[in-house]
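Chemist: If you scroll down you'll find the structure; I have some questions about it.
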Amino acid sequence: MDDTDRKLLILIEANPRIHFRELAKRLGISRQAVHHRMQVLTKIGVIKGMIAGISIHYLDAVPVAVFGRSMTASIEKTLDRLGESEFSRRAVVTGGNFLYVIGFLRNISELGSYVEFVKRAGEMPEPTVGIYCLDDGLVPDYSVDGSGKRKGSYKELSPLDLRIIDSLKDNARRPIKDIADMVGVSAKTVRRHLADMISEGSLDMSVPMDSAPGGDSFLIVHVNLRDGADKGEVGRRLLSKYPFQDGYIRTFSNLPSLLVWVFWSDKMTEIRKALRDVGEDEDVVAAMLNFAYLERIYTTWRDKLPAVRARPSKKVRTHNVRSGPRIQ
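So the sequence shown is numbered by numbering that gives the first Met the number 0: it starts at 0 and just counts up by one.
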């Protein structure tokens with residue numbers, strides 16, 4: 000991949016439905032060139048799809064990460080087993096069989112049983128469990144593992160909204176006219192509902208990617224902070240200081256001294272400099288780098304919810320993030 004490819008990926012990550020003409024304008028290339036690059040990135044496996052679902056914020060769901068060293072002798076079989084849970088969303092494998100498993104829980108009461116499942120299925124005897132912090136000011140504008148910036152309350156999703164979301168679940172770039180044909184309303188109506196859901200944040204669209212086929216490295220850095228350090232301040236410092244085009248930081252509400260910094264890079268000298276500088280930060284006590292080489296995306300309970308459209312008497316009630324939505 001070249002820098003234009005990387006900029007293209009960032010733009011479609013931020014908005015999977017962005018028009019080719021807007022991409023062409025922002026990249027300084029023709030629409031035909033944009034289309035060709037997207038075709039190539041899809042063919043070689045960098046772009047693994049464009050998917051959509053109800054946002055986990057609307058659902059008031061709980062995103063968690065369970066990570067640690069796996070004792071498995073067959074990582075592929077382990078990844079298959081991890082996908083057997085309706086809560087598993089994503090699994091990432093790094094060097095030394097270190098696994099990161101991201102799950103979506105309906106509520107926090109499901110945490111214990113899910114962690115036990117991951118320990119067993121992932122052959123991970125001593126996992127660390129992190130509950131994603133979604134209000135630390137570091138969450139990117141685009142969705143990562145189903146979560147982006149959070150609002151205080153959301154408008155109710157109608158049965159039509161749910162049918163539209165369902166039509167996008169395997170192709171977030173599906174044309175408006177095709178969506179209208181699938182759900183049986185006018186293109187104008189679809190356009191209005193889509194705009195409302197995107198504005199509200201109740202629709203989550205994402206682009207699963209794999210950097211390896213494009214020649215880039217996908218890196219995960221555990222940054223351990225000194226007691227009392229402001230993780231938000233440290234995180235913002237990292238994001239502003241280093242030139243990685245595609246990167247984000249995750250923090251955890253139950254792990255106040257840990258940042259997980261994720262980024263792509265094709266330059267080893269750049270990676271070395273970043274790690275050296277991070278280690279010299281006055282608020283950092285340790286930094287551990289993992290190179291990711293394999294990942295899986297799974298279907299969760301969330302992805303099945305839009306099928307509620309088949310039951311018109313059922314609906315998702317109006318709610319705020321404290322109450323959470325429930326299928327009535």
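Think of the CB as a built atom: it goes at the ideal place given N, C-alpha and C, for glycine as much as any other residue. The structure displayed is predicted, hence computed values, not measured ones.
Do you know offhand how far Arg119's Cα is from Ser29's?
Modeler: For Arg119 and Ser29, the distance between alpha carbons rounds to 51 Å.
Chemist: Return the bridge partner residues of Glu294 from the DSSP annotation.
Modeler: In DSSP, Glu294 forms a bridge with Val91.
Chemist: Give me the residue from Pro305, Asp229, Glu122, Met181 with the minimum Cα distance to Leu77.
Modeler: Here the sequence assigns Thr to residue 77, which means Leu is not the residue at that position. Of the candidates Pro305, Asp229, Glu122, Met181, the one whose C-alpha sits nearest the C-alpha of Thr77 is Glu122.
Chemist: Taking all protein chains shown into account, do 16 or more other C-beta atoms lie within 10 angstroms of the C-beta of Ile18, making it buried, or fewer, making it exposed?
Modeler: The question names Ile, but residue 18 in the sequence shown is His. Answer is exposed; the Cβ neighbour count stays below 16.
Chemist: Met208 bridges to which residues according to DSSP?
Modeler: DSSP, once it has assigned bridges, lists Ile46 as partnering Met208.
Chemist: Under 8 Å by Cβ, that's how I've got Phe262 and Gly246 pegged, so tell me the actual separation to the nearest angstrom.
Modeler: Contact holds; Cβ gap of about 3 Å.
Chemist: Considering just the uninterrupted stretch of the alpha helix (DSSP H) at Val117, what are its terminal residues?
Modeler: Unbroken alpha helix (DSSP H) run through Val117: 110 to 120.
Chemist: Can you name the start and end residues of the alpha helix (DSSP H) that Pro62 belongs to?
Modeler: That residue, Pro62, is in no alpha helix (DSSP H); its beta strand (DSSP E) goes 61 to 68.
Chemist: Measuring CB to CB, does Val100 end up less than 8 Å from Phe66?
Modeler: Going by C-beta atoms, Val100 is nearer than 8 Å to Phe66.
Chemist: What residue ranges within the region 226 to 257 form continuous beta strand (DSSP E) runs of no fewer than 3 residues, ordered along the chain?
Modeler: Counting whole runs of 3 or more residues, the region 226 to 257 contains the beta strand (DSSP E) stretches 246 to 251.
Chemist: Going by C-alpha distance, which of Ser201, Gly214, Tyr113, Leu254 is nearest Asp59?
Modeler: With distances taken between Cα atoms, Asp59 lies closest to Ser201.
Chemist: Going straight from the alpha carbon of Val128 to that of Gly52, what length do you get?
Modeler: Distance between the alpha carbons of Val128 and Gly52: 25 Å.
Chemist: Just checking my contact of Phe251 with Ile74 at CB under 8 Å: how many whole Å lie between their CB atoms?
Modeler: With a Cβ gap of about 25 Å, Phe251 and Ile74 do not count as contacting.
Chemist: According to the Cβ coordinates, are Leu40 and Gly213 closer than 8 Å?
Modeler: Cβ distance < 8 Å, so Leu40 and Gly213 count as in contact.
Chemist: According to DSSP, is His348 part of a helix, a strand, or is it coil?
Modeler: The structure shown does not extend to residue 348, since the chain is modelled only from 0 through 327, so no value can be given for it.
Chemist: Compare the Cα-Cα distances from Leu274 to each of Ala286, Lys266, Lys240 and report the closest residue.
Modeler: Of Ala286, Lys266, Lys240, the residue nearest in Cα terms is Ala286.
Chemist: Would you say the beta carbon of Leu293 comes nearer than 7 Å to a heavy atom of the ligand GTP?
Modeler: With respect to the ligand GTP, the structure offers nothing, as it holds no ligand at all.
Chemist: Checking the sheet assignment: what are the DSSP bridge partners for Asn223?
Modeler: BP columns for Asn223 point to Leu257, Ala285.
Chemist: Pull the bridge partners of Tyr363 from the DSSP assignment, please.
Modeler: In this structure the chain extends from 0 to 327, so residue 363 is not present and cannot be described.
Chemist: Measure the Cβ-Cβ separation of Val206 and Glu21 and say whether it is below 8 Å.
Modeler: Not closer than 8 Å, so no.
Chemist: DSSP three-state call for Ser157: helix, strand or coil?
Modeler: It is coil, neither helix nor strand.
Chemist: In the DSSP assignment, what are the bridge partners of Leu202?
Modeler: For Leu202, which the question treats as bridged, DSSP gives the partners Ile53.
Chemist: According to the neighbour-count rule (16 or more other Cβ atoms, all chains shown, within 10 Å of its Cβ), is Pro255 buried or exposed?
Modeler: So Pro255 ends up on the exposed side.
Chemist: Note down the Cα distance separating Leu161 from Met196, rounded to an integer number of angstroms.
Modeler: So the alpha carbons of these two residues sit roughly 10 Å apart.
Chemist: Count the other CB atoms, across all protein chains shown, that sit within 10 Å of the CB of His56; report buried if there are 16 or more and exposed otherwise.
Modeler: Buried.
Chemist: Opposite Trp263 in the DSSP bridges: which residues?
Modeler: Answer is Phe217, bridged to Trp263.
Chemist: For Thr127, report the span of its beta strand (DSSP E) as first-last.
Modeler: Run containing Thr127: 127 to 130, per the beta strand (DSSP E) assignment.
Chemist: Let me check one thing: in DSSP terms, what residues is Leu104 bridge-paired to?
Modeler: DSSP, once it has assigned bridges, lists Val61 as partnering Leu104.
Chemist: Could you spell out the range, first to last residue, of the alpha helix (DSSP H) harbouring Glu13?
Modeler: Going by the sequence as given, residue 13 is Ala instead of Glu. It spans 2 to 13 - the alpha helix (DSSP H) in which Ala13 sits, taken as one unbroken run.
Chemist: Residues in its own chain within less than 7 Å of His192 by CB, not counting five upstream and five downstream?
Modeler: Within the same chain, His192 has close Cβ partners Leu159, Asp160, Ile163.
Chemist: For Ala23, collect the residues of the same chain with a Cβ closer than 8 Å to its Cβ; drop the 5 residues on either side in sequence, then sort them by chain order.
Modeler: Hits under 8 Å: Ser29, Arg30, Ala32, Val33.
Chemist: What does a CB cutoff of less than 7 Å around Ala186 pick up in its chain, not counting 5 residues either side in sequence?
Modeler: Excluding sequence neighbours, Ala186 sits near Ile175, Lys176, Ala179.
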